[in-house]
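Below is one structure, written out as structure tokens; the observations come after it.
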Amino acid sequence: MSELQPKLLLVDDDLAISENLGAFLERAGFTVLKAGDGRRALEIIQRQSPDVVVMDVLMPVMDGRQALRQLRAEENWIPVILLTQIGESTERAMALEEGADDYLNKPFDPHELVARIRAVLRRARRGQPPLAAAWKLVSGQIILDRRGKRVYFDEETLNLTPKAYALLEYLMTHPDEIVSRERLLDAVWGWEYPTGTRAVDTRIAELRAALGDDANQPTYIETLPGQGYSFRAEVTVLA
Amino acid sequence: MKLLKYWYVLIPFALGLTAGFILTYPSVSNPVYYLRADLGILLILLGLALSTVLALVILVRSQLEAIDQTAREEAARDRRRFLSLLDHELKNPLTAIMAGLANLTADHQSATLESVESQVQRLSRLVADLRKLSDLETRPIDMGMVNLPELLEDVYELSLSRAGADRSITLSMPQAPWPLPELPADRDLLFLALHNIVDNAIKFTQPGDTIEIRASEDGSQVRVEVADTGPGIPPEELDQVWTELFRGQGARGVPGSGLGLALVQAIIRRHNGTVSIRSQLDKGTLITVSLPVRGVTGS
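Encoded structure:
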């Protein structure tokens, strides 16, 4: 990938979005290619091999979910960010399960999209599956079984609430990344709370207690004052 | 008329009427019968007849209520479906507008752009609230045992920081003989509901007004009251405050989407609780939330 001008493929059937968002992404330093549906996107990916794909879910001909599934079935691990439409939590879970590197709920702040793209590009390891596409992840004493939605710590099953599990899953699939509380709310809860960020802090505390992680000297989840949280331990794919 | 669908109850009467008329015809013999029985037997029969009539009346009434209830539920479902469609249709244009605005503001700043930006933010808040409402119908709720005193403290602290020093906000919870029990709930949702209620009170009161958050329990229910000395709500609007997008006369000039209380009601209902409102003009408003302590399954 060229360090200066990463090549980005923007896939959306709504012209108003691809034009305005395309212009913004170009301004942010990307070379932008565009496609109006999943099939066209797959063609462009084959011919022009972009560095990253930003793709809508609901599209004619072939939707984003199908296109992503086909890519991953062909063992193409190009970083993909899905733009999810429906506010249902199932669609968010689906995005991660199908192997999207990240996802954003529409409507979103375009600056947040740029931040997501940069983070995904930083994490991407050419030709290798992203953590988000793996079913089992390991970090230290933690094993995350994403198929069974279970977490093992020192080989014992941890009893986590569904929210705490989803939070750990998001953090572990996006390690070494500073994730703001707002982003976690949007990604895991799917809602913005006016009450904001206490909901996140409560669940983080629950996770830390379950993992025996000390907030002052964290092994896993680090608090970055004024910025958010970061999963600092190394995460690897368990074959 | 709903009663018309029960026309068939008149069939026996119609048959009797026809037979009676035929028998009064001169050429047909119309013998006279006398019915004799003990008064005791007659009273028993009379009692039986009255009970039958009473049972029928109750049956018909409950049927009518059920019909009414389904109609109301259907209307509510339709409204939610419409709102979720609306939310869906708003998302794409909003995404495009936000991207376009980001392009414009990168080039130059102006007061007009700033005001457009703040309006777009308002719109996206509305869309977010719409999404919450339709989400609430479908999403599984994350039930766990919730420490209510702690949660109320959180709501209270957040309200203090939002309201500033010019309103008096108090929180009172029982300590003796025991504190409030834990209750099964989705902590985040319950927080949102209680926060919305208190936030409303803050929005509609003036500096110098009083807001009281009071909690109590009676063994089977926990009750949280939020009372304020605000302007109150006119009686003719009281029924509608729970309706999505409804904004009363007093709400003009107060920021908000008109979805706050609809969300509160949806959340409390999903917890098998109830929420009610009392208000008097120029005196204030009282909102009461009751939640079952033993929860949704009811053991």
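Chains as they are written, first to last, in the numbering used here: chain A, 1 to 239; chain L, 1 to 299.
Every residue gets a Cβ at the ideal spot worked out from N, C-alpha and C, and that includes glycine.
Three-way DSSP call (helix, strand, coil) for Tyr8 of chain L in this model: Collapsing the DSSP output to three states places Tyr8 of chain L in a helix.
At 8 Å on the CB atoms, spell out the chain A contacts of Asn103 of chain L, in chain order. Near Asn103 of chain L (Cβ distances below 8 Å), the residues of chain A are Asn20, Ala23, Phe24, Arg27.
Judging by CA-CA distance, which residue of L:Asp228, L:Thr274, L:Pro174, L:Glu117 is the nearest neighbour of Gln206 of chain L? Among L:Asp228, L:Thr274, L:Pro174, L:Glu117, the Cα nearest to that of Gln206 of chain L belongs to L:Asp228.
Using a Cβ-Cβ cutoff of 8 Å, what residues of the region 152-163 of chain A are near chain L? List them in chain order. Correct list: Thr161, Pro162, Lys163.
8 Å Cβ cut-off: residues of chain L touching Phe108 of chain A: Residues of chain L whose Cβ lies closer than 8 Å to the Cβ of Phe108 of chain A are, in chain order, Thr95, Met98.
Checking contacts by CB at 8 Å: is Arg117 of chain A closer than that to chain L? It is Ile, not Arg, that sits at residue 117 of chain A in the sequence shown. No Cβ of chain L is located within less than 8 Å of the beta carbon of Ile117 of chain A.
Can you have a look at Ile22 of chain L and say buried or exposed, based on whether 16 or more other CB atoms are within 10 angstroms of its CB? Flag for Ile22 of chain L reads exposed.
Compare the C-beta of Asp14 of chain A against all C-beta atoms of chain L and say whether one is closer than 8 Å. At least one chain L Cβ lies under 8 Å of Asp14 of chain A.
For Met55 of chain A, the first and last residue of its enclosing beta strand (DSSP E): Membership of Met55 of chain A in the beta strand (DSSP E) is indicated by the continuous run 52-56.
Among residues of its own chain, excluding the 5 on either side of Gly250 of chain L, which ones have a beta-carbon nearer than 6 Å to its beta-carbon? So the qualifying residues of the chain are Pro231.
Taking the alpha carbon of Val146 of chain L as the reference point, which residue from L:Leu46, L:Pro184, L:Gly164, L:Ala14 has its own alpha carbon closest? Cα-wise, what sits closest to Val146 of chain L is L:Pro184.
Compare the C-beta of Thr240 of chain A with all C-beta atoms of chain L and state if any pair is closer than 8 Å. With chain A represented from 1 up to 239, any question about residue 240 of chain A goes unanswered, as that position is not in the structure.
I need the boundaries of the beta strand (DSSP E) containing Asn105 of chain A, first residue and last residue. Start and end: 102-105.
Under the DSSP definition of a beta bridge, which residues are partnered with Arg278 of chain L? BP columns for Arg278 of chain L point to L:Leu286.
Find the nearest neighbour of Gln240 of chain L within the set L:Leu64, L:Leu158, L:Arg278, L:Leu113, judged by alpha-carbon distance. For the residues L:Leu64, L:Leu158, L:Arg278, L:Leu113, the minimum Cα distance to Gln240 of chain L belongs to L:Arg278.
Using beta-carbon positions only, say whether Thr285 of chain L and Ile233 of chain L come within less than 8 Å of one another. With contacts defined by Cβ atoms closer than 8 Å, Thr285 of chain L and Ile233 of chain L form a contacting pair.
DSSP bridge partner residues for Tyr152 of chain A (one or two, in chain order): Paired residue(s): A:Ile143, A:Thr157.
If the criterion is Cβ atoms closer than 8 Å, does the pair Leu190 of chain L and Ile267 of chain L meet it? With contacts defined by Cβ atoms closer than 8 Å, Leu190 of chain L and Ile267 of chain L form a contacting pair.
Buried or exposed: which applies to Tyr229 of chain A, given that a residue is buried once 16 or more other Cβ atoms fall within 10 Å of its Cβ? Counting Cβ neighbours within 10 Å, Tyr229 of chain A comes out buried, since at least 16 surround it.
Three or more C-beta pairs below 8 Å linking the region 216-229 of chain A and the region 170-181 of chain A: Contact holds between the region 216-229 of chain A and the region 170-181 of chain A, because three or more Cβ pairs, one in each stretch, are under 8 Å apart.
Using three-state DSSP, classify Asp218 of chain L as helix, strand or coil. Three-state DSSP puts Asp218 of chain L in coil, outside helix and strand.
Between Gly258 of chain L and chain A, is there a C-beta pair that is closer than 8 Å? Output row for Gly258 of chain L: interface = no.
Count the other C-beta atoms from every protein chain shown that fall within 10 angstroms of the C-beta of Leu15 of chain L, then say buried if there are 16 or more, exposed otherwise. In the assembly as shown, Leu15 of chain L is an exposed residue. Its beta-carbon has fewer than 16 other beta-carbons within 10 Å.
If distances are taken between C-alpha atoms only, which option among A:Asp154, A:Trp77, A:Gln66, A:Leu25 comes closest to Leu101 of chain L? For the options A:Asp154, A:Trp77, A:Gln66, A:Leu25, the alpha carbon positioned closest to that of Leu101 of chain L is the one of A:Leu25.
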